[in-house]
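Okay, so here's the structure we're looking at.
Protein chains: 2
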Amino acid sequence: MPYDVVSIGNAIVDLIAKADAAFVAAEGMGTMQLIDADRAKSLYDRMGHAVEISGGSGANTMVGVASLGGKAAFIGKVGNDKLGEIYAHEIKVAGVDFFGGTPSPNLPTAVSMILVTPDAQRYMNTYLGACTDLGPEDVDPEVIADADVLYIEGYQWNTPRSKEAIRKAAGIAKQAGKKRALSLSDVFVIDSHYDDLTALIRDEIDILFGNEAEVLRLTGKPDFDSAARELTSSKMMSVVTRGASGAVVIDGGSVAAVPASPIPQLVDTTGAGDLFAAGFLYGYTHGRTLVNCALLGALAAGEVISHMGARPEASLRELMTKAGL
Amino acid sequence: MPYDVVSIGNAIVDLIAKADAAFVAAEGMGTMQLIDADRAKSLYDRMGHAVEISGGSGANTMVGVASLGGKAAFIGKVGNDKLGEIYAHEIKVAGVDFFGGTPSPNLPTAVSMILVTPDAQRYMNTYLGACTDLGPEDVDPEVIADADVLYIEGYQWNTPRSKEAIRKAAGIAKQAGKKRALSLSDVFVIDSHYDDLTALIRDEIDILFGNEAEVLRLTGKPDFDSAARELTSSKMMSVVTRGASGAVVIDGGSVAAVPASPIPQLVDTTGAGDLFAAGFLYGYTHGRTLVNCALLGALAAGEVISHMGARPEASLRELMTKAGL
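Sequence lines, in order, name chains A and B.
Heads up: the first sequence runs through residues 1 to 325, numbered per my numbering.
Heads up: the second sequence runs through residues 1001 to 1325, numbered per my numbering.
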């Protein structure tokens, strides 16, 4: 089956809890931290009531593409356990084809403990578990070659084997004449893997997704205007989200800006970037103008930040129709 | 720590999905069926999007008691897996002390696939897993002796070892001069274990909880009035829920009836009986009149059937205050 988009990324079940700013500060949490099994246990013991919702950045994006009516596939690795079954079930019923290879025999399905503060900021604490087992053997060449866009989750740029898996997928997509997109995911990804990540971007990436902080870090520029100027000189397209200030698409000399979607209330920013990418990629693979792609991105992001969890609760296709997009 | 109520019951994570009546009928589902691992897998494959919420009848009741401000404990068995950790976490943060003994080394944490139809009826399909490992060694005598009421979940009257655990708990409670309550749970429990269950009720039970269908089955009477007359002749108190018709408390010659609480919308009846028992037991252990106990039961049941899932989402204590109870 031909896909609009296939993503390769971490298969993670989110454990989402409300927390106060003091707790998050005392724990020294950032927007995203990788943690080990001991820290996971200790943090979970001190967290409050949590809801379990399937997540993972690239997977969230694929669910968004499917919710808009697009055809999406996801490549990620779960453990051989009940959470893994739940993960596979939820992505399937969301309309996304899941290609996980064999579940990891040794490592449990990944969990991310996400603390959401009253100002709707989220602090992710991720134990990667089975995700670190993903390797090139999990990349099905046919699935990659069949998709108009390969969407690589930056978080997955992590272990030598996952990098090999990504390079393999990028190579197959290139050979098939498809577009390769990358989400920068987090500043720490850029910091931890600067050299080989920038090489990947230079050699393989056609469309780059990132927020303002990530783009500043990547370009090494002190402000957004300088970073944007730098990106205009690249042959790749850059899609930069700026939170409440909307988003900017830079495609060679052409720059388009769209505002954020108005929303009834801001509840949880988890998944904002993922769903922006979903809207954009749905539009991109359906022949929309770049401005229209970005407006679809803003629409999808607006839905997901209006409630807890990083996957849409409403039908994005219905919202799209209602908005006349 | 002295408890108002301690319950012994099944520790189950609910997987709750909406379903249409045709699917439920085609699958031949009843209000509650025990299923094996193969059937669990096959059903899950054909279910839609589900939310995971900790459940288990007796545990739901204890969470309700705690939400009203009471002191509650729960004895149940999970598996040595992530769902078991989540289960223990959720009951703890709900304010209930959890005494599970050692997690089962061989069997996974129980799950119940609950399909909710548009008329808010629920169809439970439960794979008991680790719950079947509960035995008398899991019953801590101090916890039982410390609680004003022992609340036995009828579903737990299942295996020879769990019956032994219940008899042990009932014996300790009796010796400590405490009250022993039993929830009938489901008609199939009465049908499957009629002889030893009626012996348990006759010898050990001070307060019986059941719905109309269960009480008819237990007494063998054709209508509610005859069943009620039969129960007035018993030395135990009977608390009978009648759905939208409210509830009746029969205590020797005295009979009190209360109406159901008005609710904005009926969404999912899962947990209605569990939360009725919670309100009743909170009132009972706080010196309230039987009518007041039953009104608290109706209040708590009304909250839980207004949303998906069998555990309260609102603070029952705040609702109690607001209702002037």
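Even for Gly, the Cβ is constructed at its ideal location relative to N, Cα and C.
| query | T982 of chain B by DSSP, collapsed to three states: which one? | reply | Since the first residue of chain B shown is 1001 and the last is 1325, residue 982 of chain B is not available in this structure.
| message | So, at 8 Å on beta carbons, what are the nonlocal neighbours of M236 of chain A in its own chain, with the 5 sequence-adjacent residues on each side left out? | response | As a working mapping, residue 236 of chain A is identified with position 236 in the first sequence. Same-chain partners within the cutoff: I201, I205, D206, I207 and L208.
| Endpoints, the beta strand (DSSP E) within which I1250 of chain B is located | Taking the first residue of the second sequence as position 1, residue 1250 of chain B is located at position 250. Taken as a continuous stretch (DSSP letters only), the beta strand (DSSP E) holding I1250 of chain B covers A1247 to D1251.
| field | Near-chain B residues of the region 295–323 of chain A (beta-carbon distance less than 8 Å), N- to C-terminal order | value | none
| Helix, strand or coil for D140 of chain A per DSSP? | Position 140 of the first sequence, counted from the start, is the residue given in the question as residue 140 of chain A. D140 of chain A falls in the coil class under three-state DSSP.
| Contacts of G1048 of chain B in chain A (Cβ-Cβ under 8 Å) | As a position in the second sequence, residue 1048 of chain B is number 48, starting the count at 1. Result: V93.
| said: Within 8 Å of any Cβ in chain A, is that where the Cβ of K1018 of chain B sits? | reply: Against the second sequence, residue 1018 of chain B aligns to sequence position 18. Judged by the 8 Å Cβ criterion, K1018 of chain B is not in contact with chain A.
| request: Confirm, please, whether the CB-CB distance from S1104 of chain B to N1080 of chain B is below 8 Å. | output: Within the second sequence, residue 1080 of chain B is the residue found at index 80, counting from 1. Within the second sequence, residue 1104 of chain B is the residue found at index 104, counting from 1. A contact, by the Cβ cut-off of 8 Å.
| task | Would you kindly check if the distance between the Cβ of M62 of chain A and the Cβ of A50 of chain A is under 8 Å? | result | Reading the first sequence from its first residue, position 50 is the one you call residue 50 of chain A. Reading the first sequence from its first residue, position 62 is the one you call residue 62 of chain A. Taking 8 Å as the Cβ cut-off, A50 of chain A and M62 of chain A do not qualify as a contacting pair.
| Anticipated Cβ contact below 8 Å, Y945 of chain B with G1058 of chain B, distance rounded | Any property of residue 945 of chain B remains undetermined from this structure, which presents chain B solely from 1001 to 1325.
| request: Taking only runs that begin and end inside the region 188–248 of chain A, name each unbroken beta strand (DSSP E) of 3 or more residues, in chain order. | output: 207–211 and 237–241
| query | Can you list the residues of chain B that K82 of chain A reaches, using a CB-CB cut of under 8 Å? | reply | The residue you call residue 82 of chain A lines up with position 82 of the first sequence. Result: D1081, K1082, L1083, P1108, T1109 and V1111.
| said: V239 of chain A and A227 of chain A - do their beta-carbons sit closer together than 8 Å? | reply: Reading the first sequence from its first residue, position 227 is the one you call residue 227 of chain A. Reading the first sequence from its first residue, position 239 is the one you call residue 239 of chain A. Not a contact, by the Cβ cut-off of 8 Å.
| Distance, N1292 of chain B Cα to V1332 of chain B Cα | An answer regarding residue 1332 of chain B cannot be provided, because it is not within the stretch 1001 to 1325 covered by chain B.
| said: Can you look up S7 of chain A in the DSSP assignment and give me helix, strand or coil? | reply: Here residue 7 of chain A corresponds to residue number 7 of the first sequence, with the count starting at 1. Residue state, collapsed to three classes: strand.
| In chain A, which residues lie less than 7 Å from E952 of chain B when you measure between Cβ atoms? | Any answer about residue 952 of chain B is impossible in this case: the structure gives chain B only from 1001 up to 1325.
| task | Measure the alpha-carbon distance for G253 of chain A versus D225 of chain A and round it to whole angstroms. | result | Here residue 253 of chain A refers to the residue found at position 253 when the first sequence is read from its first residue. Here residue 225 of chain A refers to the residue found at position 225 when the first sequence is read from its first residue. If I take the Cα positions, the gap works out to 14 Å.
| query | Does the beta-carbon of A94 of chain A have 16 or more other beta-carbons within 10 angstroms, so that it is buried, or is it exposed? | reply | The residue given as residue 94 of chain A occupies position 94 in the first sequence. Buried.
| Candidates A:V187, A:M320 and A:K82: closest to F280 of chain A by CA position | As a first step, residue 280 of chain A must be located in the first sequence, where it is residue number 280. Answer by Cα proximity: A:M320.
| request: Check whether the region 186–194 of chain A touches the region 26–36 of chain A, taking contact to mean three or more Cβ pairs, one atom from each stretch, closer than 8 Å. | output: yes
| task | Have a look at R122 of chain A and G1220 of chain B and give me their C-alpha separation to the nearest angstrom. | result | Position 122 of the first sequence, counted from the first residue, corresponds to residue 122 of chain A. Position 220 of the second sequence, counted from the first residue, corresponds to residue 1220 of chain B. About 57 Å.
| task | Measure the CB-CB distance between V1143 of chain B and F1099 of chain B and report whether it falls below 8 Å. | result | Translated into positions along the second sequence, residue 1143 of chain B becomes position 143. Translated into positions along the second sequence, residue 1099 of chain B becomes position 99. Yes; because the gap between Cβ atoms is below 8 Å, this pair is in contact.
| request: Using the Cα positions of A1022 of chain B and G1064 of chain B, report the straight-line distance between them to the nearest angstrom. | output: On the second sequence, residue 1022 of chain B is found 22 positions in, with the first residue counted as 1. On the second sequence, residue 1064 of chain B is found 64 positions in, with the first residue counted as 1. Looking at the two C-alpha atoms, the distance is approximately 33 Å.
| field | Outcome for P108 of chain A when other beta-carbon atoms lying within 10 angstroms are tallied against a minimum of 16 | value | Against the first sequence, residue 108 of chain A aligns to sequence position 108. Per the 10 Å Cβ criterion, buried.
| query | Which first and last residues belong to the alpha helix (DSSP H) in which N1060 of chain B is found? | reply | Here the question's residue 1060 of chain B lines up with position 60 in the second sequence. From DSSP, the alpha helix (DSSP H) with N1060 of chain B extends over S1057 to S1067.
| query | Does the beta carbon of Y3 of chain A come closer than 8 Å to any beta carbon on chain B? | reply | Start at 1 with the first residue of the first sequence, and residue 3 of chain A comes out as number 3. With 8 Å as the cut-off, Y3 of chain A does not count as an interface residue toward chain B.
| query | How should G1273 of chain B be labelled, buried or exposed, when 16 other C-beta atoms within 10 angstroms of its C-beta is the threshold for buried? | reply | For the purposes of this step, residue 1273 of chain B is identified with residue 273 of the second sequence, where counting begins at 1. With 16 or more other Cβ atoms within 10 Å, it is buried.
| task | Would you give the residue range spanned by the alpha helix (DSSP H) that D146 of chain A belongs to? | result | Working through the first sequence from its first residue, we reach residue 146 of chain A at position 146. Element bounds for D146 of chain A: n/a, residue is neither H nor E.
| field | Option in B:G1210, B:V1013, B:A1176 and B:R1217 with minimal Cα separation from D1195 of chain B | value | Reading the second sequence from its first residue, position 195 is the one you call residue 1195 of chain B. With distances taken between Cα atoms, D1195 of chain B lies closest to B:R1217.
| When DSSP labels each residue in this structure, what does D119 of chain A get in the three-state scheme? | In the first sequence, the residue the question calls residue 119 of chain A occupies position 119. Correct three-state label for D119 of chain A: coil.
| query | For I1152 of chain B, which three-state DSSP category applies? | reply | Your numbering for residue 1152 of chain B matches position 152 in the second sequence. If DSSP states are grouped into helix, strand and coil, I1152 of chain B belongs with the strands.
| field | Neighbourhood of L1043 of chain B by C-beta, 8 Å cutoff - its chain only, sequence neighbours within 5 removed | value | Counting from one through the second sequence, the residue named residue 1043 of chain B turns up at place 43. If we look at L1043 of chain B and ignore the five residues flanking it on each side, its Cβ neighbours are E1027, I1035, M1113 and N1125.
| Where the beta strand (DSSP E) containing L296 of chain A begins and where it ends | Within the first sequence, residue 296 of chain A is the residue found at index 296, counting from 1. Run containing L296 of chain A: none in the beta strand (DSSP E); it sits in the alpha helix (DSSP H), L290 to V304.
| Hey, would you say V24 of chain A sits closer than 8 Å to I75 of chain A, going by beta carbons? | Working through the first sequence from its first residue, we reach residue 24 of chain A at position 24. Working through the first sequence from its first residue, we reach residue 75 of chain A at position 75. Against a cut-off of 8 Å, the Cβ pair of I75 of chain A and V24 of chain A comes out as no contact.
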